[in-house]
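*Asks:* Chains R and X supply the protein sequences, listed in that same order. The letter at position 164 of the first sequence is residue 165 when you use this note's numbering, and the numbering goes up by one with no holes. The letter at position 272 of the second sequence is residue 274 when you use this note's numbering, and the numbering goes up by one with no holes. For glycine and all other residues, C-beta sits at the position ideal for the given N, C-alpha and C.
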Amino acid sequence: MADDDVKVTGGNGASGKEAPGDGAPGDVPAPKNGKKRIGALVKEEVEAFRAEMPAKVKEQIESVKDPTKTQVYTSIFRHKHDETPRNRALGVLSNVFLHLHPAKINRDAVRYPFTWGMGGITFYLFIVLTFTGVLLMFYYHPSKVQAFRDVLYLEHDVPFGKILRNMHRWAAHLMVIAVELHMFRVFLTGSYKKPREFNWNVGVILLVLTLLLSFTGYLLPDDQLGFWAVTVGTNMARATPLLGHEGPFGPQLGMTPYNDVRFGLLGGSIVDANALLRAYIWHCIAIPIIASVFMVVHFWRVRKDGGISGPAPVMLASEADKPRRAQKAAGE
Amino acid sequence: MNWHQLWTIATTPDNIPITALLPLVLFYLWLAFRQAKGNDELIAQLEADPALAKTHHRKTWPFRPGWQKEVHVWPFLLRMEFLAAIIVTAILMVWSITMNAPMEEPANPNLTMNPAKAPWYFLGLQEMLVYFDPWIAGVVMPTLIIIGLMVIPYIDTNPLGGGYYTVKQRKFSIATFCFGFLVLWVSMIIIGTFIRGPGWQWFWPGQTWDHNRLIYEVNRDLPDLFGITSNLGKGIFGAIVVLGYFAVAGFIMTALFRRKMPKDWSRMSLIQYQLMMFLMLTMMALPLKMLLRLTLNIKYVWITPWFNI
Numbered sequence: 002m003a004d005d006d007v008k009v010t011g012g013n014g015a016s017g018k019e020a021p022g023d024g025a026p027g028d029v030p031a032p033k034n035g036k037k038r039i040g041a042l043v044k045e046e047v048e049a050f051r052a053e054m055p056a057k058v059k060e061q062i063e064s065v066k067d068p069t070k071t072q073v074y075t076s077i078f079r080h081k082h083d084e085t086p087r088n089r090a091l092g093v094l095s096n097v098f099l100h101l102h103p104a105k106i107n108r109d110a111v112r113y114p115f116t117w118g119m120g121g122i123t124f125y126l127f128i129v130l131t132f133t134g135v136l137l138m139f140y141y142h143p144s145k146v147q148a149f150r151d152v153l154y155l156e157h158d159v160p161f162g163k164i165l166r167n168m169h170r171w172a173a174h175l176m177v178i179a180v181e182l183h184m185f186r187v188f189l190t191g192s193y194k195k196p197r198e199f200n201w202n203v204g205v206i207l208l209v210l211t212l213l214l215s216f217t218g219y220l221l222p223d224d225q226l227g228f229w230a231v232t233v234g235t236n237m238a239r240a241t242p243l244l245g246h247e248g249p250f251g252p253q254l255g256m257t258p259y260n261d262v263r264f265g266l267l268g269g270s271i272v273d274a275n276a277l278l279r280a281y282i283w284h285c286i287a288i289p290i291i292a293s294v295f296m297v298v299h300f301w302r303v304r305k306d307g308g309i310s311g312p313a314p315v316m317l318a319s320e321a322d323k324p325r326r327a328q329k330a331a332g333e
Numbered sequence: 003m004n005w006h007q008l009w010t011i012a013t014t015p016d017n018i019p020i021t022a023l024l025p026l027v028l029f030y031l032w033l034a035f036r037q038a039k040g041n042d043e044l045i046a047q048l049e050a051d052p053a054l055a056k057t058h059h060r061k062t063w064p065f066r067p068g069w070q071k072e073v074h075v076w077p078f079l080l081r082m083e084f085l086a087a088i089i090v091t092a093i094l095m096v097w098s099i100t101m102n103a104p105m106e107e108p109a110n111p112n113l114t115m116n117p118a119k120a121p122w123y124f125l126g127l128q129e130m131l132v133y134f135d136p137w138i139a140g141v142v143m144p145t146l147i148i149i150g151l152m153v154i155p156y157i158d159t160n161p162l163g164g165g166y167y168t169v170k171q172r173k174f175s176i177a178t179f180c181f182g183f184l185v186l187w188v189s190m191i192i193i194g195t196f197i198r199g200p201g202w203q204w205f206w207p208g209q210t211w212d213h214n215r216l217i218y219e220v221n222r223d224l225p226d227l228f229g230i231t232s233n234l235g236k237g238i239f240g241a242i243v244v245l246g247y248f249a250v251a252g253f254i255m256t257a258l259f260r261r262k263m264p265k266d267w268s269r270m271s272l273i274q275y276q277l278m279m280f281l282m283l284t285m286m287a288l289p290l291k292m293l294l295r296l297t298l299n300i301k302y303v304w305i306t307p308w309f310n311i
């Protein structure tokens, strides 16, 4: 009966008798009960730990001394970043955000006075506006009942709401200024001439889209400023020739306040809830999507048409009408 | 001289962009013309010395044989872009913290603001409403502006000046664009912001905006000046004036163009020239009509039952 008891509580099947072939290695005699068996195992593990761990720890420390060689790092960054020409080129070409750039550019195109950076600044402001705009969208309802109060709420109660709204507004104004300065610069450097004519036109469309974005956003706070600005603007729409009910030949073509182009813009014959909702959708969804598509084309064409146009070597009037080969001989 | 009012207008948060636009435009104009002057001097030097023209690298910036013609985008361009992003962000942050976006009372269709001004970038068009009917000022003119901008690369046949600043080699195109952009667009924005007050009346800077001021302007139409009273007469007269303007001014312009710019004349095809001339004449018609209105109080030139110009 005592033996039976021992058997039940035994560790790894030890029957309580000495068995030379089984049990823990080493010179620990097979214990008479389970507890001693566990003790032996634990001791064994501790020994193994103390023997192997120092080497493992040392190996681990060695492997993180240079983080750029870890698997995590190399899985994210697929090439080295030390300063060789190859890595500098790869840094641009293998990066999804940067690969619009070429690997190298004209040494003088980096200088600020030539490009003024306005195209890039416009794009950066677009990103700032998208970011602040999305954040604003969390608090804004495009309905007549709520719009004005939401903007007041943003200004007074939402943490950092005031800065958010201000930044959205000022970035919008700055973007209009930047896009006009960009157009001015491109004109003054003649960077719309062959082969960049199409891209200039894409740019003009982007200018119009920027102004429309600004205009549709102006109405959204639903205050006196926005309301009357849109009233003036859409009242001009009713004067469209042929399509407006107060434009030349409009009434003759059956235009009334309830079916002309102004009605289409406002979703009604007055600037009211429908106009607000339409402005919201144009401003937040439709025009940004359209503008993004045109931006993609615009940036793509910059590369395809030969990159930043200059500064190009000056051409003399005497070389103007000669075939292009004449230029290369002149020290280009 | 109401300095307080001038200061208030200039520093109203929504007018800050225009107050900033003026020095910005002037600065960049200066920056462009400085480089253009450098290039023009180089061009003069190279034209005087053909031997130098063959070997010079043709830029105002230094270059020696053996130097790299191109530099790596990473890091050189990217650090400029990064710096630009930081500076723009800093400007935006300071601006957003110090200036509050405007917020008037809730929209009230029964209460018109006086003056009810469009956003600043459309003030130029709103100013045009003084001189033209809405269908011209609001639809036709903006459309022509956009079409005109789009057509520029296709009517500019001057092969010089592609990729570098120059004034000497592109006098005509630069003068035309600067007239349209600076004189017409930008200065109209400035007029709309600082000069137009209640009732869209003209107030010189410093003149207090008086909501009760009434200036009786007796406008007359051009046919009235000539004593034409019948509607048919007015219609025919107006047509003669408008089409005659295009014909006569077009003739003068062509004569001048042919004589002063013979190379461009020979380079341009018929359609290029006609497009350019039409757009140029239409653009010039704006200040011309403004002048007629401001000096002679003439409102309409062409009156028909369907439209007035």
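1) Any Cβ of chain X within less than 9 Å of the Cβ of VAL159 (chain R)?
2) Determine which residues of the segment 220 to 233 of chain R have a Cβ less than 8 Å from any Cβ of chain B, and write them out in chain order.
3) Excluding the five sequence neighbours on either side, which residues of its own chain have a C-beta within less than 6 Å of the C-beta of LYS170 (chain X), listed in chain order?
4) Can you give me the C-alpha to C-alpha distance between TYR156 (chain X) and GLN37 (chain X), rounded to a whole angstrom?
5) Kindly say whether ILE238 (chain X), judged by its beta-carbon, lies nearer than 9 Å to any beta-carbon of chain R.
6) Which whole runs of the alpha helix (DSSP H) in the segment 7 to 59 of chain X are 4 residues long or more, in chain order?
7) Would DSSP call HIS299 (chain R) helix, strand or coil?
8) Mind reading off the beta-carbon distance from PRO289 (chain R) to SER270 (chain R)? Whole number of angstroms is fine, and I expect it under 8 Å.
9) So what's ILE305 (chain X) in DSSP terms, helix, strand or just coil?
10) Return helix, strand or coil for ASN214 (chain X), following the three-state DSSP convention.
11) With VAL231 (chain R) and VAL262 (chain R) assumed to form a contact (beta carbons below 8 Å), what rounded beta-carbon distance in angstroms separates them?
12) Please compile the residues from chain R whose C-beta is within a distance smaller than 7 Å of the C-beta of ASP158 (chain X).
13) Chain X beta carbons: is any one of them nearer than 9 Å to that of ARG170 (chain R)?
14) Around the Cβ of ILE254 (chain X), are there at least 16 other Cβ atoms within 10 angstroms (buried) or fewer (exposed)?
15) Taking beta-carbon pairs under 9 Å, can you tell me which members of the segment 105 to 136 of chain X lie near chain R?
16) Hey, quick one: how far does the alpha helix (DSSP H) through ILE178 (chain R) stretch, first residue to last?
17) Which residues does DSSP list as the beta-bridge partners of ARG198 (chain X)?
18) Considering ASN4 (chain X), what are the terminal residues of the beta strand (DSSP E) in which it resides?
19) Let me check understanding here. Comparing Cα to Cα, which of R:PRO103, R:LYS163, R:MET184 lies closest to ASP34 (chain X)?
20) Quick check on the burial criterion: 16 or more other C-beta atoms within 10 angstroms. Buried or exposed for GLY22 (chain R)?
21) Counting pairs of Cβ atoms below 8 Å between the segment 191 to 198 of chain R and the segment 146 to 163 of chain X, do you hit three or more?
22) Which same chain residues end up closer than 8 Å to TRP5 (chain X) when comparing Cβ atoms and leaving out the 5 residues on each side of it in sequence?
23) Pull the bridge partners of GLU72 (chain X) from the DSSP assignment, please.
24) Of all Cβ atoms in chain X, is any one closer than 9 Å to the Cβ of GLN253 (chain R)?
25) Quick one, are the C-beta atoms of PHE205 (chain X) and ILE197 (chain X) less than 9 Å apart?
26) Got a sec? Which residues, its chain only, sit under 6 Å from LEU220 (chain R) by beta carbon, not counting five neighbours each side?
27) For ASN275 (chain R), which residues in the same chain have their Cβ closer than 7 Å to its Cβ, ignoring the five residues on either side in sequence?
28) Using 8 Å for Cβ pairs, my map puts ARG108 (chain R) next to VAL73 (chain X). What's the rounded Cβ distance?
29) Taking Cβ-Cβ distances shorter than 9 Å, what residues in chain R pair up with ILE176 (chain X)?
30) Could you tell me the distance, in whole angstroms, from the CA atom of LEU99 (chain R) to the CA atom of PHE300 (chain R)?
31) Is ALA287 (chain X) close to chain R? Criterion is C-beta to C-beta, closer than 9 Å.
32) Should MET292 (chain X) and TYR123 (chain X) be called a contact, given that it needs their Cβ atoms to be closer than 9 Å?
33) Using a Cβ cut-off of 9 Å, pull out every chain R residue sitting near ASN41 (chain X), in sequence order please.
34) Contact check, VAL185 (chain X) vs TYR125 (chain R) under 8 Å by CB: the rounded distance?
35) Under 8 Å, with one C-beta from each stretch per pair, do the segment 129 to 137 of chain R and the segment 173 to 185 of chain X reach the 3-pair mark?
36) According to DSSP, is ASP224 (chain R) helix, strand or coil?
*Replies:* Considering the structure as presented:
1) Here residue 159 (chain R) refers to the residue found at position 158 of the first sequence. By this cut-off, VAL159 (chain R) is not an interface position.
2) Although the question refers to chain B, the structure presented lacks it and instead comprises the protein chains R and X.
3) Indexing the second sequence from 1 puts residue 170 (chain X) at position 168. Excluding residues within five positions, the ones whose Cβ falls inside 6 Å are ASP42.
4) On the second sequence, position 154 is the one that residue 156 (chain X) refers to. On the second sequence, position 35 is the one that residue 37 (chain X) refers to. Taking the straight line from one Cα to the other gives about 26 Å.
5) Here residue 238 (chain X) is taken as the residue at index 236 of the second sequence, counted from 1. Chain R contact via Cβ: absent.
6) 18 to 50, 52 to 57
7) If you number the first sequence from 1, residue 299 (chain R) lands on position 298. Three-state DSSP puts HIS299 (chain R) in a helix.
8) Within the first sequence, residue 289 (chain R) is the residue found at index 288, counting from 1. Within the first sequence, residue 270 (chain R) is the residue found at index 269, counting from 1. Contact flag wrong, Cβ pair sits at about 28 Å.
9) Here residue 305 (chain X) refers to the residue found at position 303 of the second sequence. The answer is strand: DSSP assigns ILE305 (chain X) an E or B state.
10) Taking the second sequence and counting its residues from 1, the one referred to as residue 214 (chain X) is at position 212. Here ASN214 (chain X) sits in coil by DSSP.
11) Your numbering for residue 231 (chain R) matches position 230 in the first sequence. Your numbering for residue 262 (chain R) matches position 261 in the first sequence. Between VAL262 (chain R) and VAL231 (chain R) the Cβ distance is about 15 Å, and since that is not below 8 Å, they are no contact.
12) The residue you call residue 158 (chain X) lines up with position 156 of the second sequence. LYS194, listed in chain order.
13) Within the first sequence, numbered from 1, the residue matching residue 170 (chain R) stands at position 169. ARG170 (chain R) counts as touching chain X.
14) Walking along the second sequence from the start, residue 254 (chain X) turns up at place 252. With fewer than 16 Cβ atoms within 10 Å of its Cβ, ILE254 (chain X) is classed as exposed.
15) MET105, GLU106, GLU107, PRO108, ALA109, ASN110, PRO111, LEU113, THR114, MET115, ALA118, LYS119, ALA120, PRO121, TRP122, TYR123, PHE124, LEU127, GLN128, LEU131, ASP135, PRO136
16) Here the question's residue 178 (chain R) lines up with position 177 in the first sequence. Counting along the chain, the alpha helix (DSSP H) containing ILE178 (chain R) begins and ends at 162 to 189.
17) On the second sequence, residue 198 (chain X) is found 196 positions in, with the first residue counted as 1. Answer by DSSP bridge pairing, in chain order: X:TRP204.
18) Position 2 of the second sequence, counted from the first residue, corresponds to residue 4 (chain X). Taken as a continuous stretch (DSSP letters only), ASN4 (chain X) belongs to no beta strand (DSSP E), as it is neither H nor E.
19) For the purposes of this step, residue 34 (chain X) is taken as residue 32 along the second sequence, with counting starting at 1. It should be noted that the sequence gives Ala, not Asp, for residue 34 (chain X). Of R:PRO103, R:LYS163, R:MET184, the residue nearest in Cα terms is R:MET184.
20) Your numbering for residue 22 (chain R) matches position 21 in the first sequence. The predicted model places GLY22 (chain R) with a pLDDT of 47, which falls under 50 and marks its position as unreliable; any figure quoted below should be read in that light. Exposed, by the Cβ-count rule.
21) yes
22) For the purposes of this step, residue 5 (chain X) is taken as the residue at position 3 of the second sequence. Closer than 8 Å at the Cβ level, and outside the excluded window around TRP5 (chain X), lie GLY208.
23) By 1-based counting over the second sequence, the position of residue 72 (chain X) is 70. GLU72 (chain X) is bridged to R:ASN107.
24) Position 252 of the first sequence holds residue 253 (chain R). Taking 9 Å as the CB threshold, GLN253 (chain R) lines the interface with chain X.
25) On the second sequence, residue 205 (chain X) is found 203 positions in, with the first residue counted as 1. On the second sequence, residue 197 (chain X) is found 195 positions in, with the first residue counted as 1. In contact: PHE205 (chain X) and ILE197 (chain X) (Cβ atoms closer than 9 Å).
26) The residue given as residue 220 (chain R) occupies position 219 in the first sequence. Contacts found: GLY227, VAL231, ALA280.
27) The sequence position of residue 275 (chain R) within the first sequence is 274, counting from 1. Excluding positions up to five away in sequence, the list reads LEU267, GLY268, GLY269.
28) The sequence position of residue 108 (chain R) within the first sequence is 107, counting from 1. The sequence position of residue 73 (chain X) within the second sequence is 71, counting from 1. Indeed they touch by this definition, with Cβ atoms about 5 Å apart.
29) Reading the second sequence from its first residue, position 174 is the one you call residue 176 (chain X). Within 9 Å Cβ-Cβ: PHE188, LEU189.
30) For the purposes of this step, residue 99 (chain R) is taken as residue 98 along the first sequence, with counting starting at 1. For the purposes of this step, residue 300 (chain R) is taken as residue 299 along the first sequence, with counting starting at 1. So the alpha carbons of these two residues sit roughly 12 Å apart.
31) Indexing the second sequence from 1 puts residue 287 (chain X) at position 285. Chain R, which has no Cβ nearer than 9 Å to the Cβ of ALA287 (chain X), makes this no.
32) For the purposes of this step, residue 292 (chain X) is taken as the residue at position 290 of the second sequence. For the purposes of this step, residue 123 (chain X) is taken as the residue at position 121 of the second sequence. Against a cut-off of 9 Å, the Cβ pair of TYR123 (chain X) and MET292 (chain X) comes out as no contact.
33) Here residue 41 (chain X) is taken as the residue at index 39 of the second sequence, counted from 1. Here the neighbours are PRO312, VAL315.
34) Taking the first residue of the second sequence as position 1, residue 185 (chain X) is located at position 183. Taking the first residue of the first sequence as position 1, residue 125 (chain R) is located at position 124. No, VAL185 (chain X) and TYR125 (chain R) are not in contact; Cβ-Cβ is about 30 Å, not under 8 Å.
35) no
36) On the first sequence, residue 224 (chain R) is found 223 positions in, with the first residue counted as 1. Of the three classes helix, strand and coil, the one that applies to ASP224 (chain R) here is strand, per DSSP.
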